[in-house]
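A.B. asks: Shown below is the structure under consideration.
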Amino acid sequence: MFKTRKKEELLTEIEEGFTDEKVYLSRIVGMDILLALKEHGENLKVIVVPPSVYGQTSERVKSHLEKVRVNLEKGNERAGRPPMYTGENLKKIVQLKNKGVSIVEISRKLDIPRRTIYYLLEKEG
């Protein structure tokens, strides 16, 4: 598993060699990274990336992966910052809203910005 964010560090880490059949990358796979993976990881069969990265991976890279018989898989982990507000926060917001408490008051009670409360309610929608 490669967790490095910076491309140069990732390439250095790959060039040290690895024996894994399955690797996880948290960044977009470009041709330079792909070629380094194939050159230094002879057992490589699967590359797993976050869903957002999977969608941004070019057709050229996907095509090349097919040719060299390496599968690109969409992982379950999201890239980026984890959500700040949990389902528990949303549950409290909805309960207070259903009791007729104003957004301003909910914001004060839960110490959550008003705009965020509107956003969470809209998303729950």
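When the letters of the sequence shown are read in order and numbered with this note's numbering, they come out as residues 80 to 204.
Backbone N, C-alpha and C define an ideal beta-carbon position, used for all residues, glycine too.
Closer than 8 Å by C-beta to Lys93: which residues in its own chain qualify, once you throw out the five before and the five after it? Chain order, please.
C.D. replies: Per the sequence presented here, residue 93 reads as Ile, with Lys not at that position. Around Ile93: Phe81, Ile112, Ala115, Leu116, His119, Gly120.
A.B. asks: Could you check whether Gly154 and Val128 sit closer than 8 Å to each other, using their CB atoms as the reference points?
C.D. replies: It is a contact, given that the beta carbons lie within the stated cut-off.
A.B. asks: Out of Lys202, Phe97, Asp99, Met110, which has the shortest C-alpha to C-alpha gap to Lys86?
C.D. replies: Of the candidates Lys202, Phe97, Asp99, Met110, the one whose C-alpha sits nearest the C-alpha of Lys86 is Met110.
A.B. asks: When the Cβ atoms of the stretch 187 to 203 are set against those of the stretch 168 to 175, are three or more pairs found closer than 8 Å?
C.D. replies: At 8 Å Cβ cutoff, the stretches touch.
A.B. asks: List in chain order: all unbroken beta strand (DSSP E) runs of 3+ residues lying wholly within the stretch 94 to 174.
C.D. replies: Counting only runs of 3 or more, we get 101 to 103, 125 to 128, 150 to 153.
A.B. asks: Give the range of the alpha helix (DSSP H) segment to which Lys85 is assigned.
C.D. replies: Careful: Lys85 lies outside any alpha helix (DSSP H) and carries neither H nor E.
A.B. asks: Helix, strand or coil: how does DSSP classify Lys178 here?
C.D. replies: Looking at Lys178 - three-state DSSP - the assignment turns out to be coil, as it is neither helix nor strand.
A.B. asks: Verify whether the separation of the beta carbon atoms of Val125 and Val149 is less than 8 Å.
C.D. replies: Yes, these two residues count as a Cβ contact at 8 Å.
A.B. asks: Between the alpha carbons of Glu156 and Glu95, how many angstroms are there, rounded?
C.D. replies: Rounded to whole angstroms, Glu156 to Glu95 spans 25 Å at the Cα level.
A.B. asks: Can you have a look at Val183 and say buried or exposed, based on whether 16 or more other CB atoms are within 10 angstroms of its CB?
C.D. replies: When all chains shown are included, Val183 counts as exposed.
A.B. asks: Pro192 to Ser137, Cα distance in whole Å?
C.D. replies: Near 38 Å, if we compare the C-alpha coordinates of Ser137 and Pro192.
A.B. asks: Expressed to the nearest angstrom, what Euclidean distance is found between the alpha-carbon atoms of Tyr103 and Asn177?
C.D. replies: Cα to Cα, the separation comes out at about 43 Å.
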